[in-house]
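According to the numbering used here, the sequence shown is numbered sequentially starting from 58. For each residue, glycine too, the CB sits at the ideal point set by N, CA and C. Below is one structure, written out as structure tokens, with a few remarks after it.
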Amino acid sequence: MKQYDEAEKLIIASSDEAGNKYFQSQFNIFKGIIQEKKYFDNKMAQEYYKNGISTISKFGVYGNEFAAYAYYGLSRISEASGDKHSSKIYRKKAIEMADFKKINFD
Numbered sequence: 058m059k060q061y062d063e064a065e066k067l068i069i070a071s072s073d074e075a076g077n078k079y080f081q082s083q084f085n086i087f088k089g090i091i092q093e094k095k096y097f098d099n100k101m102a103q104e105y106y107k108n109g110i111s112t113i114s115k116f117g118v119y120g121n122e123f124a125a126y127a128y129y130g131l132s133r134i135s136e137a138s139g140d141k142h143s144s145k146i147y148r149k150k151a152i153e154m155a156d157f158k159k160i161n162f163d
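Below, the structure written as structure tokens:
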């Protein structure tokens, strides 16, 4: 829906309340989306995505959908920087993990 301002407000408001590692992992991935789509800061987005993937992977299949969002983001960032090989690898990983294939923030 591209309502990044509203999403960012919700993330900021909820971040303090959620000491839960699972939710913090989700927030990192969502912060990556905000950095990529709202601020066009691919370097920061990439950091959030990688951190989110790393931490959410501990939750197994319960974190796959969120990890897929991050892999889609890494795919877009790789494509934008001209690294088509990495882009394909990230996109393939995202598709493998995603239950909802059309939710990819493209």
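Less than 8 Å between the beta carbons of residue i and residue j, yes or no?
i, j, result
"residue 21", "residue 121", "The chain is shown only over 58 to 163; residue 21 falls outside these bounds and no answer can be derived."
"residue 93", "residue 130", "yes"
"residue 197", "residue 96", "This structure leaves residue 197 out entirely; the chain is present only between 58 and 163."
"residue 147", "residue 132", "yes"
"residue 124", "residue 91", "no"
How many angstroms separate the CA atom of residue i from the CA atom of residue j?
i, j, result
"residue 104", "residue 60", "22 Å"
"residue 159", "residue 76", "30 Å"
"residue 141", "residue 86", "22 Å"
"residue 62", "residue 163", "18 Å"
"residue 102", "residue 89", "4 Å"
"residue 78", "residue 150", "23 Å"
"residue 115", "residue 81", "12 Å"
"residue 66", "residue 156", "27 Å"
"residue 136", "residue 143", "8 Å"
With a cut-off of 8 Å on the beta carbons, I'd call residue i and residue j a contact; round off their distance for me.
i, j, result
"residue 99", "residue 134", "5 Å"
"residue 113", "residue 83", "7 Å"
Per DSSP, what kind of secondary structure is residue i in: helix, strand or coil?
i, result
"residue 76", "coil"
"residue 117", "helix"
"residue 95", "coil"
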